[in-house]
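Numbering (my numbering), first residue to last: 93 to 363.
Quick reminder that beta carbons are idealized off the backbone N, C-alpha and C, glycines included.
Notes to accompany the following structure.
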């Protein structure tokens with residue numbers, strides 16, 4: 093078990109990758125504090141983990157609230173006695189994507205995207221550091237995105253936020269290394285939840301967008317890598333598990349494209 097005796101906080105655990113990671117990390121022996129802004133969704137995650145015999149404390153929390161970030165870390169320390177891993181996973185896409193043109197983005201949309209995706213990570217990391225230091229070190233994992241590296245249409249606020257997250261990850265790796273704290277990010281391109289681009293009240297499917305599209309034909313995929321199955325939430329969760337576990341003990345400051353299938357390798361000639 094790769095997270096045996098580890099205490100892990102996961103934000104944004106009510107659906108999608110966050111819920112998948114909660115299930116996987118619990119399978120690997122972690123004791124969890126899982127949070128989400130939606131109380132019904134985080135309760136469903138708690139039930140799913142508990143049903144499989146996992147240990148979990150579920151909280152309704154807003155990552156943009158510093159008080160909630162403080163309360164989340166306190167729940168780990170008070171409930172389990174320590175913190176080993178902080179997984180800042182919560183994030184949002186701009187409402188209305190892909191139909192909103194850049195010039196039509198509102199100030200509220202811009203600020204909300206950066207508030208959740210950047211400030212939320214800042215608060216989570218800030219309040220995790222004292223607990224991680226007290227434990228002799230640990231791991232901070234952040235969910236970023238491949239759009240921090242490659243451009244995509246009508247994603248300017250989101251891409252900006254993820255570029256900032258990657259810069260924060262690299263900076264914290266330098267600042268926190270002396271305490272034995274490593275800081276890394278996963279940057280998914282594929283294998284993300286259908287809920288990511290769905291309305292807030294949409295049902296949680298547990299499927300990646302590629303899975304939800306139906307029969308998979310690798311010949312029609314734009315990825316250089318051709319496999320006989322689509323990318324899944326579990327593919328990204330396994331990468332997060334690697335960064336959370338001691339398997340990555342000497343990795344820090346890395347922002348890893350987890351499900352790009354070779355797309356970010358650059359321009360290639362397909363003869």
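For a quick check, are the C-beta atoms of residue 252 and residue 179 less than 9 Å apart?
Against a cut-off of 9 Å, the Cβ pair of residue 179 and residue 252 comes out as no contact.
Which full runs of the beta strand (DSSP E) of 3+ residues lie inside the segment 298–349, going along the chain?
Taking only runs of at least 3 residues, no beta strand (DSSP E) segment lies wholly in the segment 298–349.
Taking 9 Å as the cut-off, decide whether the C-beta atoms of residue 171 and residue 125 are in contact.
Contact: yes.
Comparing alpha-carbon positions, which option in 137, 122, 121 lies nearest residue 110?
Nearest in C-alpha terms to residue 110, of all of 137, 122, 121, is 137.
Secondary structure of residue 103, DSSP reduced to three states
Three-state DSSP puts residue 103 in coil, outside helix and strand.
Backbone secondary structure at residue 184 - three-state DSSP
Three-state DSSP puts residue 184 in coil, outside helix and strand.
When we look at the beta-carbon of residue 250 and count the other beta-carbons within 10 Å, is it buried (16 or more) or exposed?
Classification of residue 250: buried, given that the 10 Å Cβ count is 16 or more.
CA-to-CA distance, residue 239 to residue 258, given in whole angstroms
Approximately 11 Å between the Cα atoms of the pair.
Contact set for residue 276: own chain, Cβ-Cβ below 8 Å, skip 5 residues either direction:
Excluding its 5 nearest sequence neighbours in each direction, residue 276 has C-beta neighbours in its own chain below 8 Å: 231, 232, 233, 234, 261, 265, 335, 340, 343, 344, 345, 346, 347, 348, listed in chain order.
With residue 151 as the anchor, note down where its beta strand (DSSP E) starts and where it stops.
147–152 is the span of the beta strand (DSSP E), which, as asked, contains residue 151.
At the level of alpha carbons, what is the spacing between residue 297 and residue 127?
Cα to Cα, the separation comes out at about 19 Å.
Nearest-angstrom Cα separation, counted from residue 114 out to residue 182
The C-alpha of residue 114 is placed about 13 Å away from the C-alpha of residue 182.
Would you call the segment 155–173 and the segment 204–217 touching, i.e. three or more CB-CB distances under 8 Å?
Note that the segment 155–173 touches the segment 204–217; at least 3 beta-carbon pairs, one per stretch, sit closer than 8 Å.
Rounded to a whole number of angstroms, what is the C-alpha to C-alpha distance between residue 284 and residue 327?
So the two alpha carbons sit approximately 9 Å from each other.
Between which two residues does the alpha helix (DSSP H) harbouring residue 242 extend?
No alpha helix (DSSP H) contains residue 242, which DSSP labels as neither H nor E.
With a Cβ-Cβ cutoff of 9 Å, do residue 186 and residue 247 count as a contact?
Residue 186 places its beta carbon less than 9 Å from that of residue 247.
What's the gap between the Cα of residue 255 and the Cα of residue 139?
Approximately 34 Å, taken between the alpha carbons.
Return the CA-CA distance between residue 142 and residue 300, expressed in angstroms with no decimal places.
Cα to Cα, residue 142 sits roughly 23 Å from residue 300.
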